[in-house]
Amino acid sequence: MKVVVSIGGSVLVPEPGADRVAEHAAVIEDLVDEGCRIGAVVGGGGVAREYISAARNLGANEIELDQLGIDVTRLNARLLIAALSEESVTAPALDYEEASEALRRDDICVMGGVAPAQTTDAVGAALAEYIDADLLVYATSVPGVYSADPNEDEDAIKYDELSATELVDVIAGLEMNAGASAPVDLLAAKIIERSGMRTIVLDGTDPDRIARAVRHGEHGGTDILPDGAGAEPTYWASDEQ
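Counting in the working numbering, the sequence shown runs from 1 upward without gaps.
Encoded structure:
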């Protein structure tokens with residue numbers, strides 16, 4: 001099966017250090033050893049936000065800020081590459097065609113950002129659509145998709161399951177609230193909707209959750225089900241794995 005894992009920068013590198021990066025790399029390599037082809041997309045996290053804030057104060061325009069954020073995502077991607085085996089690419093893919101070619105060679109593909117005005121949330125969804133992946137996993141710092149920002153609203157309701165159309169509606173509502181934190185952005189949600197991509201949003205601070213989600217469909221997060229899909233995980237999830 002083909003799997004795209006989108007790892008938030010704050011999940012992969014919550015603070016300077018190698019431990020969390022090594023743990024995520026180990027999970028990815030284990031899944032590859034079990035027969036998966038993996039594309040990983042890495043975000044910028046807190047480091048990107050700090051650089052962007054500093055550059056904005058220095059007068060950089062929005063495109064320049066976007067490019068700065070892309071540079072940080074690619075640095076984080078290089079950290080993940082450094083932790084992976086020789087089956088990985090040696091540098092982050094710069095576009096979807098390059099990423100697809102790496103997967104065709106059975107390499108572990110790693111990407112950061114691609115273009116201004118596009119987050120790595122959207123890159124993950126677009127890569128999954130481009131390679132016709134079986135599963136897209138968002139490893140975030142929250143346990144799933146909520147009706148409101150759970151960090152701000154104690155009454156926020158977590159969704160165990162949503163259709164892709166419902167995901168778009170929920171994310172659109174969150175993004176209209178100033179300062180609200182959505183687990184994926186609206187463009188990513190719309191790509192998921194149009195592609196019919198089965199998607200899981202989970203808390204990736206424990207990388208083993210990613211492995212369990214891929215192997216067995218067990219994750220404690222939110223399932224995004226395409227039209228016509230059953231609630232049970234499809235063929236990739238097996239208790240025998």
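Even for Gly, the Cβ is constructed at its ideal location relative to N, Cα and C.
Here L94 carries a coil assignment [DSSP, helix/strand/coil]. Beta-carbon to beta-carbon, D185 and T119 are separated by about 5 Å, close enough to satisfy the 8 Å threshold. When rounded, the separation of the alpha-carbon atoms in R105 and L94 is 17 Å. With a cut-off of 8 Å on Cβ pairs, the region 112-131 is not in contact with the region 150-160, counting fewer than three such pairs.
The alpha-carbon of G9 is positioned some 13 Å away from that of G17. A contact is defined here as three or more CB-CB pairs under 8 Å, and the region 64-84 meets this definition with respect to the region 100-115. Rounded to whole angstroms, E50 and V123 show a C-alpha spacing of 21 Å. Cβ atoms of G221 and P143 come within 8 Å of each other, at about 6 Å. Spanning the alpha carbons of L225 and A125 requires a straight line of approximately 14 Å. For D227 and A55, the gap between their C-alpha atoms comes out near 43 Å.
Taking every protein chain shown into account, the CB of D121 has 16 or more other CB atoms within 10 angstroms, so this residue is buried. In its chain, beyond the 5 residues on either side, G39, A93, C109, M111, L127, Y130 and I131 have a beta carbon closer than 8 Å to the beta carbon of A99.
Here E193 is buried: its Cβ has 16 or more other Cβ atoms, across all protein chains shown, within 10 Å.
Straight across, the Cα-Cα distance linking I7 with D208 is about 13 Å.
For V27, the enclosing alpha helix (DSSP H) begins and ends at D19 to D33.
Closest in C-alpha terms to L103, from the list G46, R74, G35 and D203, comes G35. The criterion of a C-beta distance shorter than 8 Å is not satisfied by L80 and L187.
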